[in-house]
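In the numbering used here, the protein residues as written are -1 to 449.
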Ligand SMILES: Cc1ncc(COP(=O)(O)O)c(C=O)c1O
């Protein structure tokens, strides 16, 4: 055991070091070699050291270098040193985070991490919370609490009796809601399309003035951080309208909610703390290893009401039982890395991570804009959309940037216009990474738009 773990640590550290010089995309040859990991089920055991060597020699070159500083695709953060190392130690612990009795350390770390999270995200300190796999499941979990609460208020026990014959629930979302939010609604029996869709403005913000008259059991799903523009729905107006009508407000803040942790950006999430539930990711902007999402609910009893298994699982000795707040019973101890990330960054380190990445996004926008390319969004956060001309040209530039290998950005369509999307979400990105990447983008764009 000792030998293979040291070998894994050496290989892991070497892999991360080599990200500095290797292409962000794997080579064709590396992808072709992936077949070496396949073949029929082995009949006999293999030496664990050989298994690890094969995984590293064939697997490592076939990765996308998303753990490095020049990956700007989707909204993918890297892994902070403390979070990655804690993940390795936590894997050695192999704790089942379901119950205090199964893992006292995991339960304690979750409680502390939850308290710290509510503090840095500026949410009410009495909220309940769940450590789940990602934003999709965080939305699912928080919206299950919303479903519980609005139907309980209407005299209906949805956990016992399901949705057949239940009072109808009005679900409202913005035209620009993330598709995973609709998926979560579908999984909860609300339907992906049986929703009231509110138009948005030019940045993708829900138009609060277009909200319908609210009555009866209602859940409004707002968004903090549009995947394309980073824009925030107007929380103050939405929460005020909901409060008057007794509606539930849920916030999908997969990455945008972290603006609260940076004093210079906190104004962007003004009013968000007045909602009833929130979903965010730790594997995005907090830079913990995959997978890690977080759901928060103002009244912990609504979350418990939706998620607790049964009365038999009532707290032992008054402690928070983790599985009473999550869809799963057995699960990995995700609180370990969240705790380690927050402990290592501290309030100032977290603020700096958020602010620095936003500043890098602004630098990309300035650099591309001053070269004559159209930046399509107001760069308020860490997301930048840039068009290089018509759809074909923009797609050629995106493909060229990806092939060049200096950095990686994906494509998107923003309000009918094709764009390259730059998301700066990693602690590992440096000023030098930004300048190198900007040079590569400009070089590829110049070649693709010439003549
Ligand atoms: C606004 C928003 N909501 C939800 C999600 C889904 O999160 P996850 O991929 O962690 O499930 C994303 C992912 O980018 C997102 O940006």
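Beta carbons: idealized from backbone N, C-alpha and C, even for Gly.
First and last residue of the beta strand (DSSP E) that includes residue 171? 168 to 172
Shortest alpha-carbon distance to residue 126 belongs to which of 132, 133, 134, 110? 110
Taking DSSP as the reference, what is the three-state secondary structure of residue 248? strand
In whole angstroms, what is the alpha-carbon distance linking residue 364 and residue 421? 15 Å
Contact check, residue 442 vs residue 395 under 8 Å by CB: the rounded distance? 6 Å
Could you tell me which of 320, 331, 397 sits nearest to residue 446, measuring between CA atoms? 397
For the stretch 321 to 402, list the alpha helix (DSSP H) runs that are entirely contained and at least 4 residues long, ordered along the chain. 333 to 368, 389 to 402
Looking at residue 21 and residue 403, is the spacing between their C-beta atoms short of 7 Å? yes
Return the CA-CA distance between residue 195 and residue 219, expressed in angstroms with no decimal places. 10 Å
With a threshold of 6 Å (Cβ to nearest heavy atom), would residue 452 be considered close to ligand 1? The chain is shown from -1 up to 449; residue 452 falls before or after that span and cannot be answered.
Can you give me the Cβ contacts of residue 303 inside the same chain, cut-off strictly under 8 Å, excluding the 5 residues immediately before and after it? 143, 146, 147, 150, 157
DSSP three-state call for residue 424: helix, strand or coil? coil
In the structure shown, what three-state DSSP assignment does residue 238 receive? helix
Quickly, what does DSSP pair residue 217 with across the bridge? List them, please. 169, 246
Per DSSP, what kind of secondary structure is residue 406 in: helix, strand or coil? strand
Contact between the stretch 232 to 244 and the stretch 280 to 299 is defined here as three or more beta-carbon pairs at a separation below 8 Å; is this criterion met? no
Could you compute how far the alpha carbon of residue 361 sits from the alpha carbon of residue 380? 10 Å
Residue 278 (DSSP reduced to helix, strand or coil): strand
Is residue 248 near ligand 1, judged by its Cβ being under 6 Å from some heavy atom? no
By the DSSP assignment, the beta strand (DSSP E) with residue 291 in it spans what residues? 291 to 295
What is the chain-ordered set of residues for which the beta carbon lies under 5 Å from any non-hydrogen atom of ligand 1? 73, 132, 133, 134, 176, 178, 225, 250, 252, 279
Bridge partners for residue 128 per DSSP, in chain order? 293
Report yes if the C-beta distance between residue 50 and residue 5 is below 7 Å; otherwise report no. yes
Check whether chain B comes within 7 Å of residue 48, counting only Cβ atoms and requiring the distance to be less than that. Any reference to chain B falls outside this structure, which holds one protein chain only.
With H, G and I counted as helix, E and B as strand and the rest as coil, what does DSSP make of residue 185? helix
How would you label residue 200, buried or exposed, when you count the other beta carbons within 10 angstroms and need 16 or more for buried? exposed
According to DSSP, is residue 140 helix, strand or coil? helix
Local Cβ density within 10 Å of residue 261, reported as buried at 16 or more and exposed below that: exposed
Are the CB atoms of residue 438 and residue 405 nearer to each other than 7 Å? yes
Taking the C-alpha atoms as reference points, what is the distance between residue 292 and residue 448? 46 Å
Option nearest residue 259 by Cα separation, candidates 52, 76, 118: 118
Same chain only: Cβ atoms within 6 Å of residue 257, ignoring 5 sequence neighbours per side: 263, 266, 267
How many Å lie between residue 169 and residue 320 at the Cα? 28 Å
Among 300, 322, 225, which has the Cα closest to the Cα of residue 423? 225
What is the DSSP secondary structure of residue 415, counted as helix, strand or coil? strand
Which residue from 325, 28, 286 puts its Cα closest to that of residue 342? 286
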